[in-house]
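Reading through the structure tokens given below for one structure.
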Amino acid sequence: MSTTFLILLAVLAFSALVGLVLQHWFLSRLRKQHPLVWETLGRPTLSLNHGMQSYLTVWRFLWRREHQTLEDLRTIMLGDFLRSYMTGYLLLLISAIVALMLNQRAD
0 MSTTFLILLA VLAFSALVGL VLQHWFLSRL RKQHPLVWET LGRPTLSLNH
50 GMQSYLTVWR FLWRREHQTL EDLRTIMLGD FLRSYMTGYL LLLISAIVAL
100 MLNQRAD
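FYI, numbering that gives the first Met the number 0 numbers position 106 of the sequence shown as 105, with every residue one higher than the one before it.
What follows is the structure in structure tokens.
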């Protein structure tokens, strides 16, 4: 394994942890400040007990920018940031996979 790959792996792992913290803050804020919305989304948490459907429901909510209808600037800003962060993370992950595949071909 190359040093570059190990650094990329560390960046991905750290970025994933940051993403989990951001998701926790967002879901906690929804639960406390907007309980009806939180209920409508299926009472999502980061727990694996809720399954993928709950996770996808929250991402649809963010992707469609439905969080921007809330009358709470902090939640809107956090939702916007989380949406952008996770989009960037997904692009980084895809880039890492492509780079790994290209590196495997070169060897």
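We put the beta carbon where it would ideally sit given N, CA and C, even for glycine.
- Distance from Asp71 to His23 at the Cβ level is roughly 17 Å; contact not present, criterion being Cβ atoms closer than 8 Å.
- Leu61 sits buried, since 16 or more C-beta atoms from the chains shown fall within 10 Å of its C-beta.
- For the pair Lys31 and Met85, the Cα-to-Cα distance works out to about 23 Å.
- Separation of Val57 and Val10 (C-alpha to C-alpha, rounded to the nearest whole angstrom) is 25 Å.
- Under a 10 Å Cβ-count criterion, Thr3 is classified as exposed, with fewer than 16 other Cβ atoms of the shown protein chains found around its own Cβ.
- Taken atom to atom, the span from the alpha-carbon of Thr39 to that of Gln103 is near 45 Å.
- Arg63 sits in coil when the DSSP states are folded into three classes, being neither helix nor strand.
- Between Pro43 and Ser27, the C-beta spacing is not below 7 Å.
- The C-beta distance from Leu29 to Thr74 rounds to 7 Å, short enough to fall under 8 Å.
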